[in-house]
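In terms of our numbering, the sequence shown opens at residue 141 and continues consecutively.
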Amino acid sequence: MSANATNLEPAYLVLADGTTFPGHCYGARGTTTGEAVFTTTMTGYQEVLTDPSYCGQIVTMTAPEIGNVGINALDTESVSGKPQACGFVLRDASPIASSWRSEQTLEAYLAEHGIVAIGGVDTRKLTRHLRDHGAQNAAIGTKSPSELLRAARNAPPMNGLDLVKRVTPKEPYTFTEGLGDWCADPASPARPAKAREHHVVAIDYGVKKNILRCLVNAGCRVTVVPATTSAKSILDLCPDGIFLSNGPGDPSAVGYAVEILRELIGKKPIFGICLGHQLLALALGGKTYKLKFGHRGSNQPVKDLATGRIEITTQNHGFCVDLTSLPAGIESTHVHLNDGTSEGLSAKGARAFSVQYHPEASAGPHDSFYLFDRFVGMMA
141 MSANATNLEP
151 AYLVLADGTT
161 FPGHCYGARG
171 TTTGEAVFTT
181 TMTGYQEVLT
191 DPSYCGQIVT
201 MTAPEIGNVG
211 INALDTESVS
221 GKPQACGFVL
231 RDASPIASSW
241 RSEQTLEAYL
251 AEHGIVAIGG
261 VDTRKLTRHL
271 RDHGAQNAAI
281 GTKSPSELLR
291 AARNAPPMNG
301 LDLVKRVTPK
311 EPYTFTEGLG
321 DWCADPASPA
331 RPAKAREHHV
341 VAIDYGVKKN
351 ILRCLVNAGC
361 RVTVVPATTS
371 AKSILDLCPD
381 GIFLSNGPGD
391 PSAVGYAVEI
401 LRELIGKKPI
411 FGICLGHQLL
421 ALALGGKTYK
431 LKFGHRGSNQ
441 PVKDLATGRI
451 EITTQNHGFC
461 VDLTSLPAGI
471 ESTHVHLNDG
481 TSEGLSAKGA
491 RAFSVQYHPE
501 ASAGPHDSFY
511 LFDRFVGMMA
């Protein structure tokens, strides 16, 4: 039930194919459009909402009850501190927030930031529909289903959409916060920070905070630059390595980022994550394509082809690198065990590697923290 169970205003989620899901208003009032997707993560709804990779998307939570632990400032993943998803879909909203870290209820947080959401939806049925028919545009609101259908069909398609410009910063900035500064118990020895010996320039296509924290913890001084920063300006910062962040939208629509990367490849060690993986592949001569419904969740199985080791990973992407398009000398290093799609590549001659998944987790398992140490090893 809603946290405001005494005043349930009817609302609808309408997909572009005409399928309609009734529910009730939750969060901000109004109408929103975006690509309807689902995540199989069981925890971490705040990290999902604030991940810039979800920009332009209406996110469906498959866990049946959401909001149990409220919202707190420390778990926000966007550097701006604001939610990035354009809509939110849930089945049951917890009427209380029970956590010593909670500072605000989920519904109050969504309302404060103008995020239109809908509760009371049969999210199991919705998820099955998206799996069968594919991710597609949708609209949420209190208008009639026919009006919402028109809004969904008039929304721009994700194919060909550059969303990086919406989330990249306007100016460069430095980032110094490590994992120890962020953990609930700062004295925890689980991930002690190393001396910050290596200067990394992180290109921000929509970076998550915990990625930057992991770089700091691995021994990096981090300078973050906008996605449009020229290759010359990046190299003028004298980095020991270059990091390519996660981000939203169609990688093939971010041509300016690909051109910048082509000028950087081979100049410094490069490590890419998520959208950064896709952009690196494009810059190396590969191609990308749109998945039917994408990989989103903190329970995605990936195989390291070099070691045979299986990692459980956090993922959030709707596009993928075409493995058949990779030119000679570019090695596929990781694959998704559910469908065999690209999850990592290496260009040893250029001192560049990347993964499709999120090794920083947040929320999710920590199986892949070693990749940050691998990057530092390349710089050393």
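Think of the CB as a built atom: it goes at the ideal place given N, C-alpha and C, for glycine as much as any other residue.
- prompt: Taking the alpha carbon of Leu301 as the point to measure from, which residue in Ile206, Gly458, Thr464 has its own alpha carbon closest?
  reply: Nearest C-alpha to Leu301: Gly458.
task: Buried or exposed for Arg231, please, with buried defined as at least 16 other CB atoms from any protein chain shown within 10 angstroms of its CB.
output: Arg231 should be labelled buried.
query: What residues in its chain sit with their C-beta under 8 Å from that of Pro285, if we drop five residues either side in the sequence?
result: Listed in chain order, the non-local C-beta contacts of Pro285 below 8 Å within the same chain comprise Tyr152, Val154, Thr160, local neighbours out to five positions each way being set aside.
task: Note down the Cα distance separating Leu289 from Gly158, rounded to an integer number of angstroms.
output: Looking at the two C-alpha atoms, the distance is approximately 6 Å.
message: Which residue marks the beginning of the alpha helix (DSSP H) containing Cys514, and which one marks its end?
response: Position check: residue 514 holds Arg in this sequence, whereas Cys was assumed. Taken as a continuous stretch (DSSP letters only), the alpha helix (DSSP H) holding Arg514 covers 510-519.
query: For Lys488, does the three-state DSSP call read helix, strand or coil?
result: Looking at Lys488 - three-state DSSP - the assignment turns out to be helix.
- request: Have a look at Ser508 and Leu477 and give me their C-alpha separation to the nearest angstrom.
  value: If I take the Cα positions, the gap works out to 16 Å.
- request: Count the C-beta pairs between the stretch 178-193 and the stretch 208-217 that are closer than 8 Å, then say yes if the count reaches three, no if not.
  value: These segments touch.
message: Taking the straight line between their C-alpha atoms, what separation do you get for Ser486 and Ile450?
response: Using only the alpha carbons, I get a separation of about 18 Å.
query: Secondary structure at Ile351, three-state DSSP: helix, strand or coil?
result: Ile351 falls in the helix class under three-state DSSP.
message: Which of the three DSSP states is assigned to Asp157 in this structure?
response: Coil.
message: Here's the rule: buried if 16 or more other CB atoms are within 10 angstroms of the residue's CB, otherwise exposed. What is Thr467?
response: First, the residue type needs correcting, since residue 467 is Pro and not Thr in the sequence shown. With fewer than 16 other CB atoms across the displayed protein chains lying within 10 angstroms of its CB, Pro467 is exposed.
- request: Would you mind reading off the limits of the alpha helix (DSSP H) that contains Tyr396?
  value: Residue range 395-404 is occupied by the alpha helix (DSSP H) that includes Tyr396.
query: Thinking C-beta only, is Arg293 closer than 7 Å to Ala156?
result: Yes, Cβ-Cβ distance for Ala156 and Arg293 is below 7 Å.
message: When you compare the CB positions of Gly259 and His164, do they come within less than 7 Å of one another, or not?
response: Yes, these two residues count as a Cβ contact at 7 Å.
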